[in-house]
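There are 2 protein chains.
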Amino acid sequence: MPERLVVIGGDAAGMSAASQARRRRKPADLEIVAFERGHFTSYSACGIPYWIGGLVADRDALIARSPETFRAEHDIDVRLRHEVIGIDLDRREVLVRNVDTGTESREWFDQLMYAAGATPRKPPWARVDARGIFGVQTLDDGTALRAWLDADPGPRHAVVVGGGYIGVEMAEAMIQRDLTVTLVEQGDQPMSTVDPDMGVLVRDSMCQLGIDIRTGCTVTGLTVRDGRLSAVETTDGTLPADLVVVSTGVRPNSRLAADAGLPIGVTGGIRVDLQMRVLGADRVWAAGDCVETVHRLTGQPVHVPLGTHANKQGRVAGLNIGGGYATFPGVIGTAVTRVCDLEVARTGLLEREAEDAGYQYVSTRIESTNRAGYFPGAKSMTVKLIAERRSGQLLGAQIVGRSEAAKRIDALAVALWNYMTVDEMAGLDLGYAPPYAPVWDPVLIAARKAVDAIHAG
Amino acid sequence: MPERLVVIGGDAAGMSAASQARRRRKPADLEIVAFERGHFTSYSACGIPYWIGGLVADRDALIARSPETFRAEHDIDVRLRHEVIGIDLDRREVLVRNVDTGTESREWFDQLMYAAGATPRKPPWARVDARGIFGVQTLDDGTALRAWLDADPGPRHAVVVGGGYIGVEMAEAMIQRDLTVTLVEQGDQPMSTVDPDMGVLVRDSMCQLGIDIRTGCTVTGLTVRDGRLSAVETTDGTLPADLVVVSTGVRPNSRLAADAGLPIGVTGGIRVDLQMRVLGADRVWAAGDCVETVHRLTGQPVHVPLGTHANKQGRVAGLNIGGGYATFPGVIGTAVTRVCDLEVARTGLLEREAEDAGYQYVSTRIESTNRAGYFPGAKSMTVKLIAERRSGQLLGAQIVGRSEAAKRIDALAVALWNYMTVDEMAGLDLGYAPPYAPVWDPVLIAARKAVDAIHAG
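Residue numbers (the numbering used here), protein chains in the order written: chain W, 12 to 468; chain C, 12 to 468.
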C-alpha cells in the first residue's frame with residue numbers, strides 16, 4: 012500500500028510541495044490528497060490587483076494549474092471546497108468539512124503538509140455583515156470584489172484601508188476603474204515598506220494619479236445603510252464610500268497547527284527546520300505564509316508572506332518528502348512593486364529595522380538614470396543604501412524609479428546575501444551599454460557614495 | 012611649486028583619473044596637464060553606433076565633459092590635438108607633437124598617467140588610402156563616418172567586417188540609415204561573444220532585420236575606383252560596397268609604454284598592480300583599454316577594452332594619485348548589448364573559455380519570461396548557465412531576450428563574483444511582482460535546472 016500525503020491548502024506552497032513530491036514518487040508509492048477550502052488552486056494572488064484594475068483581462072490567466080490538471084497530469088487528488096478543521100497527530104488523521112454541504116469526514120495520512128497560508132488581520136470595525144466590504148487575500152475575495160465593481164450601477168467611491176503593497180496596488184486598480192479613491196493609512200506614509208524619504212516619492216506619484224491620501228488616520232467604524240456600506244468613519248472625518256478594501260495585513264494561519272500541538276514561533280508562524288519539517292514533529296511539513304523563517308542578516312525569526320517564498324519553501328518540502336534533499340536558506344526582505352508609473356524595490360533592512368537589529372549604520376541616497384543620459388527613454392531613479400557604520404557591509408537597499416529600476420534590486424540583493432561591503436560593491440563588474448545603464452550603473456554610483464560616507468564617518 | 016601630473020589620453024580612463032586626483036589635491040598642490048590627440052574628451056565611445064544610426068540625435072550628447080569644463084571647473088589643462096610621441100622616464104619628460112602644426116615640445120612630469128586606450132587591429136587589406144573605409148574606435152572615426160553617410164548622394168551599400176559587439180551594433184545602425192548591409196564574419200557565428208547556441212538567436216534576429224550575414228568568410232581585398240571604395244573582395248565573392256566598417260577588434264595601445272621600458276603583459280597590455288600603478292615603475296600609472304587586468308575566475312591576465320572598466324580603473328588611479336587608497340579588483344567578463352530587438356548579455360566564461368581555463372562543467376539552458384506570463388508585455392527569454400561539474404560553482408551565464416532581459420545578468424554577475432554555487436543561487440531572495448518577473452525569476456529557474464544537471468552528472 013502506498014504512503015499517503017495529505018496537503019492542507021491548495022495554493023502556492025501546498026501544490027508546489029505536492030508536485031515536487033510526485034516528481035520523485037509515483038502514485039504506487041505515494042498517494043497525494045490536497046484539501047482547499049476555496050474554489051481555486053495555485054493562482055497568483057499577487058496578480059489579483061491587476062485583474063481587478065483591468066490590466067489582466069482574464070481571471071483564469073492567474074491560475075497556474077487547475078485541479079483538473081493536477082488530477083490528470085500529476086495524479087494529485089485535489090478536493091476544492093474542503094476545509095481541514097482539525098488535526099490529530101496521534102491517530103494521524105485530519106478532520107475535513109465539505110464547505111458546501113457541511114459534511115465532515117476523517118482522512119488518514121502518513122505525511123502531512125501544512126500550507127494553510129495567511130489570514131487577514133481583520134480590524135474590529137471590519138467585522139460587519141454588509142455588502143461592499145472586501146479583502147484581497149484570496150482569489151475568492153478578488154472574485155467577489157470584481158463582481159461588486161462590475162454590477163450596474165457599480166460603486167463610485169472606494170476607500171482603501173492600509174498602505175502596504177496590496178493597499179497601494181488596489182488603490183491604483185480602483186482609479187483605473189474610474190472610482191474616486193481615498194487611501195487611509197495609520198502611519199506617516201503610505202508604502203511603509205520603504206523608508207519615509209523614499210515613500211514620499213511614492214506618495215507624490217499617487218497624489219498625481221488622483222488618489223486622496225490620508226496619513227496618520229485611523230478607521231473608527233463603518234456606516235451601513237440597507238445592508239450596504241455607505242461611509243467609512245475615520246479620525247479624519249466621514250468618507251462616503253460604497254466600497255472598502257481592507258488591506259491591513261495578514262497573520263500566519265497557524266491556529267490548527269497550534270491546536271494540534273505543533274510549535275508556533277514569536278511571529279505566530281509555525282516553526283520549521285531548514286528542510287521545512289515542522290520542528291519536533293514526525294513527518295509533518297509546513298511551508299508558505301503560515302510559517303516563520305529566518306532573516307539572514309539579523310538572525311531573527313520573521314514572517315514574510317510572499318508568493319515567491321511560498322513557492323520555494325513548498326518546493327523544498329516536496330523534494331524532501333519525495334526522498335531528495337533540499338533546504339530553504341531564509342530571506343533578506345527583497346520586494347518589488349509598481350505604483351502608478353513608479354517602480355519601488357527594497358532588499359535587506361530599512362533604517363528602523365537596522366536600528367532594531369542593533370546595527371549602527373550610515374545611509375546614503377543618489378540620483379541617476381536607467382540608461383545613458385543621452386539615450387532615448389532615459390528616466391531618473393533614486394537609490395538608497397544602508398551600510399554598517401564600521402565595516403561598510405551592505406545592510407539594505409531601496410530603489411524608486413520610473414523605468415528599468417525595480418529589478419536592479421536583484422544585484423543588490425545578491426550582494427547583500429553574500430555580505431559584501433560597499434567598498435567591494437564599487438568594483439563590481441556589472442553590465443554596461445548605453446541602452447541599459449550609464450557608464451556607472453546607479454548601483455555602482457550608490458556604492459561609491461556609501462563608500463565616501465563610511466570613510467567620512 | 013606644485014607636483015605635476017601629465018595624463019596621456021583624454022578619454023574615460025585618463026580624465027577619470029585627472030578628476031579624482033583633482034578632487035583630493037588642489038591646483039596649488041598638483042598641476043594637471045592632459046594631452047589628447049583627437050578633437051574630443053570624455054565621450055561615450057559605446058554611444059557612437061546609436062548616433063550613427065540616428066537614435067541619438069546630437070553628437071555632443073555623447074560628450075560627458077568638454078575641455079572647457081575640465082579647464083574651468085577642475086583646473087585641468089586639457090590640450091586637444093596634442094599627441095604624446097615619446098616618454099623619457101629618467102628625465103621625467105614626455106615628447107609632445109601638436110598634430111595640426113607638427114611642432115614638438117618637451118613637457119616635464121612628476122606623476123604620469125598613461126591612458127592611451129586601444130588601437131584597431133587593422134588587417135592588411137584595410138591599409139588602403141581611399142574614401143569609404145572607416146573604423147569606429149574614436150569619436151573622430153564616428154564623425155568621419157557620419158559625414159560620409161550624410162553626404163549627397165550618400166552611400167547605399169555597406170559591408171561591416173567583424174561580428175563582435177561593435178560590428179553588430181554598426182550593422183544595425185547602417186540598416187537604420189536605409190543602406191543594404193552585409194556582415195562579414197570569419198567565425199561560425201556573429202556575436203561570438205556568446206556561445207554558438209545563443210549566438211544563433213542573435214543571427215536569426217539580424218537576418219529578419221535584413222542584414223546579409225556571411226559567416227566563415229574572410230575579406231581578401233578592397234576594390235577602389237577613383238579614390239573611392241567600390242567593392243569588398245571576400246572568400247565568398249565580391250560584395251559591391253561604397254562603405255566598409257572595419258570592426259575587427261582592438262589591441263592595447265601600449266607601444267609608447269613599451270618603448271619607455273614599462274612592463275607589457277602577454278595580452279599586449281601594460282602590467283599594473285591593484286592600485287593601477289605600473290609594475291616596477293616610480294609614480295607611473297596606467298588605466299583603461301591600454302592595460303591588462305586579471306580575470307577573477309581563471310586568474311589569467313586578460314585584455315577587456317570596455318568603457319566601464321576604463322572609468323573604474325581611472326578613478327582608482329586618480330584616487331591613489333590624490334593620496335587616497337583604492338584598488339581595482341579585476342573583471343569577470345560581464346557585457347551587455349542590444350541587437351535589433353534582442354537584448355544580449357553575458358558574464359563569466361563561455362563554454363570554450365571554461366574549457367581553456369581547465370574547468371570541467373555542465374551547461375544548461377532554460378526558457379522563461381521577463382514578467383508573469385499573464386502580465387501584458389510578457390516576452391520570452393533564454394538563460395544559459397555554465398557551472399563547475401563537481402562543485403556546482405557558477406562559471407558563466409548568458410541571456411538572450413526581448414525585453415527586461417539583459418540587466419538580469421547583473422544578479423548573475425554578483426553571484427559569480429561571490430563564487431556562489433547554483434545550489435545556493437536557487438534559494439536567492441530576488442524581487443518578485445507580476446510586472447517584473449514570473450513567481451520563479453528566470454535566474455532562479457536557470458539555477459534550478461543547473462542544480463538538476465549537476466546532481467545528474
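No residue lacks a Cβ here, since even glycine has one placed at the ideal position from N, Cα and C.
Note that the structure is a prediction, hence the values are computed from the model and not measured.
- Item | Closest residue to E42/C among V18/C, D270/C, Y61/C and H50/C (Cα-Cα distance) | V18/C
- Message: Please state the DSSP three-state secondary structure of L273/C.
- Response: coil
- Task: Output the boundary residues of the beta strand (DSSP E) element that contains I224/C.
- Result: D223 to T226
- Rounded separation between M431/C and E183/C - CA only: 36 Å
- Item | alpha helix (DSSP H) runs wholly inside the segment 342-385 of chain C, at least 4 long, in chain order | 362-368
- Message: Assuming the contact rule is C-beta atoms closer than 8 Å, V105/W and R92/W should be a hit. Round their C-beta distance to whole Å, please.
- Response: Not a contact, Cβ separation roughly 15 Å.
- Residues of chain C with a CB under 9 Å from the CB of Y370/W: which are they? In chain order: nothing, as chain C lies at least about 19 Å away.
- Should L441/C be flagged as near chain W, meaning a C-beta pair shorter than 8 Å? yes
- In angstroms, rounded to a whole number, what distance separates the CA positions of P316/W and T345/W? 12 Å
- Between the C-alpha atoms of V211/C and R349/C, what's the straight-line distance to the nearest angstrom? 15 Å
- Could you spell out the range, first to last residue, of the beta strand (DSSP E) harbouring K395/C? S391 to E399
- Query: According to the Cβ coordinates, are Q409/C and K395/C closer than 8 Å?
  - Reply: yes
- Taking Cβ positions only, does C301/W come closer than 8 Å to chain C? no
- Message: With a threshold of 8 Å on Cβ separation, who are the neighbours of G198/C within its own chain once the five nearest residues in sequence on each side are excluded?
- Response: G174, T226 and G227
- Whether P78/C touches V89/C by CB criterion (8 Å): yes
- Query: Which one of D151/C, E115/C, T204/C and A158/C has the shortest CA to CA distance from I177/C?
  - Reply: T204/C
- With F46/C as the anchor, note down where its alpha helix (DSSP H) starts and where it stops. Note, F46/C: premise wrong, no alpha helix (DSSP H); beta strand (DSSP E) at L41 to E47.
- Task: Flag P445/C as yes if its beta-carbon sits less than 8 Å from any beta-carbon of chain W, otherwise no.
- Result: yes
- Determine, using beta carbons only, whether W9/W comes closer than 8 Å to chain C. Lying outside 12 to 468, the shown extent of chain W, residue 9/W is not represented and no answer is given.
- Would DSSP call T52/C helix, strand or coil? coil
- Taking V313/C as the reference, give the member of P263/C, D253/C, Y336/C and M202/C with the closest Cα. P263/C
- Message: Considering only the alpha carbon of each residue, which of S258/C, V295/C, Q200/C and L194/C lies closest to A252/C?
- Response: L194/C
- Query: Does the beta carbon of E415/C sit closer than 8 Å to a beta carbon anywhere in chain W?
  - Reply: yes
- Query: Taking C-alpha atoms, which residue in E196/C, A467/C, L439/C and L267/C lies nearest to G335/W?
  - Reply: A467/C
- Query: In terms of residues, what are the limits of the beta strand (DSSP E) holding I74/C?
  - Reply: I74/C -> no beta strand (DSSP E), and no H or E assigned at all.
- For T245/C, does the three-state DSSP call read helix, strand or coil? strand
- Message: Mapping the DSSP letters down to three states, classify L290/W as helix, strand or coil.
- Response: coil
- With a CB to CB cut of under 8 Å and the five nearest residues on each side skipped, what residues in its chain are close to P340/C? L285 and R307
- Anyone know if the C-beta pair for I456/W and V347/W falls short of 8 Å? no
- What separation, rounded to the nearest whole angstrom, lies between the Cα atoms of T52/W and N331/W? 22 Å
- Task: With hydrogens ignored, establish whether the beta-carbon of P445/W is closer than 7 Å to any heavy atom of the ligand MG.
- Result: Inclusion of the ligand MG in the displayed structure is not the case, the ligand content being empty and no account of it being possible.
- Task: Verify whether the separation of the beta carbon atoms of V257/C and A141/C is less than 8 Å.
- Result: no
- My understanding is that A297/W touches V373/W, with C-beta atoms under 8 Å, so please give their C-beta distance in whole angstroms. Incorrect: roughly 39 Å between the Cβ atoms, too far for contact.
- Under 6 Å Cβ to Cβ from V327/C, same chain only, skipping five residues before and after it: list those, please. M287, A337 and F339
- Query: Anyone know if the C-beta pair for L16/W and Q122/W falls short of 8 Å?
  - Reply: yes
- Is it the case that the Cβ atoms of T149/C and A56/C are separated by a distance below 8 Å? yes
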